[in-house]
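Engineer:
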Amino acid sequence: MMILRPFDPWRSSLCTCPAKLSLNPYTGCAHGCLYCYASSYIRGFSDCRPKGGITRLSSQLARLRGDELISISNSSDPYPPVERELGITRSCISLIKRRGLRLQIVTKSDIVLRDVDLLSDMRAAVSMTITSLRLDSRLEPGAPSSIQRLRAIRGLADSGVPVAARIDPIIPGINDCEIDELVESVADAGSSYVISSTYKARHDSWRRMSLEFPEVMQSLRPMYFEHGERIGGYRYLPSEIRHAIISRVREACHEHGIGFGSCREGFGSDASCDGSHLTDAQTHRILR
Numbered sequence: 001m002m003i004l005r006p007f008d009p010w011r012s013s014l015c016t017c018p019a020k021l022s023l024n025p026y027t028g029c030a031h032g033c034l035y036c037y038a039s040s041y042i043r044g045f046s047d048c049r050p051k052g053g054i055t056r057l058s059s060q061l062a063r064l065r066g067d068e069l070i071s072i073s074n075s076s077d078p079y080p081p082v083e084r085e086l087g088i089t090r091s092c093i094s095l096i097k098r099r100g101l102r103l104q105i106v107t108k109s110d111i112v113l114r115d116v117d118l119l120s121d122m123r124a125a126v127s128m129t130i131t132s133l134r135l136d137s138r139l140e141p142g143a144p145s146s147i148q149r150l151r152a153i154r155g156l157a158d159s160g161v162p163v164a165a166r167i168d169p170i171i172p173g174i175n176d177c178e179i180d181e182l183v184e185s186v187a188d189a190g191s192s193y194v195i196s197s198t199y200k201a202r203h204d205s206w207r208r209m210s211l212e213f214p215e216v217m218q219s220l221r222p223m224y225f226e227h228g229e230r231i232g233g234y235r236y237l238p239s240e241i242r243h244a245i246i247s248r249v250r251e252a253c254h255e256h257g258i259g260f261g262s263c264r265e266g267f268g269s270d271a272s273c274d275g276s277h278l279t280d281a282q283t284h285r286i287l288r
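With this note's numbering, the residue at position 288 of the sequence shown is 288, and numbering never jumps.
(1) Taking C-alpha atoms, which residue in R149, I241, D188, S71 lies nearest to C253?
(2) Just tell me which of I72, Y41, R63 has its CA closest to the CA of D204.
(3) Measure from the alpha carbon of F225 to the alpha carbon of each residue in V216, S197, G232, Y236, then state which is nearest.
(4) Report buried or exposed for I54, applying the criterion of at least 16 other Cβ atoms within 10 angstroms of its Cβ.
(5) Please state if the CB of C15 and the CB of R264 are separated by a distance shorter than 8 angstroms.
(6) Could you give the residue range of the alpha helix (DSSP H) that holds M128?
(7) Rounding to the nearest angstrom, what Cα-Cα distance links M217 and I231 in this structure?
(8) Report yes or no: do three or more beta-carbon pairs, one from the region 190-198 and one from the region 268-275, lie closer than 8 angstroms?
(9) So, for S159: in the same chain, excluding its five sequence neighbours on each side, which residues have a beta-carbon less than 8 angstroms away from its beta-carbon?
(10) Can you give me the Cβ contacts of L113 inside the same chain, cut-off strictly under 8 angstroms, excluding the 5 residues immediately before and after it?
(11) Would you mind giving the Cβ-Cβ distance between D136 and S109, rounded to the nearest angstrom? I have them listed as a contact below 8 angstroms.
(12) Report all residues from its chain with a CB closer than 8 angstroms to the CB of L57; omit the five preceding and five following residues, and keep chain order.
(13) In angstroms with no decimal places, state the Cα-to-Cα distance between C33 and T131.
(14) So for V226, helix, strand or coil by DSSP?
(15) Could you tell me which residues DSSP pairs with G259 in its beta bridges?
Right, here's the structure in full:
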């Protein structure tokens, strides 16, 4: 079983991610995010469990050249509550550090602060997802609060770990009214970059969102299913609406003096679309 896989989950024409390897220490996720896409293709997604074959990671890392970028995680959060006891993600980070590889961590959890001793001394950056300051408990019922995540950004930044914030997804009528406030909050917390995208609908996530926000989702239905686009198995908002939303994020970022990237929007970015360029910033800091 290959634990490290090339990152290309959607094969989307709009994906502009640099070449990287994806590593998921866990299968499934405990956060229960209503908008989650991974639940549509991972069986038993709400049952978070250690990834099968993770013990093979060391031998697979040994075969790499040494200039690869590894991304943890792109389907299941690498810091579920059980990680506090199991420490699987921490073990993976230690192995990656030993090989001197670049590492990008994508998470919604403040447990990442536990590993700052490793991350601050390696070529690493963290992307922290924050979608709402007021509706986080409804959108992401099993995840740490937005306040905890902002504190984690501050803790990471103060320790010298570059941090990007993922304001993703933006859902019209739900969290688009928070764009300016979200950008200001993550910038004040220490994030130097923001990655953003709009909500892409799949059947299961649309059903969950409709149960929690019935009136809003009913009003969005024509935009997604009549006037929107179907790209790579996802329902997108019409391009003019998507770009208007993403433009607001970019403007807010520039007002607060931080960089901006867009994910699978066909919109363009100041640097990388996924914030992975921040691992190079960490490389320069360590070399100094």
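Glycine included, each C-beta is placed from N, C-alpha and C at the ideal position.
Structural biologist: Well, looking at it:
(1) D188
(2) Y41
(3) Y236
(4) buried
(5) yes
(6) M128 -> not in any alpha helix (DSSP H); beta strand (DSSP E) instead, spanning 124-129.
(7) 20 angstroms
(8) yes
(9) V116, L119, S120
(10) A152, G155, L156
(11) Wrong, their Cβ atoms sit about 13 angstroms apart, outside the cutoff.
(12) I3, L4, L23, C92, L95
(13) 11 angstroms
(14) The amino acid at residue 226 is misidentified as Val; the sequence shows Glu. Looking at E226 - three-state DSSP - the assignment turns out to be coil, as it is neither helix nor strand.
(15) Y193
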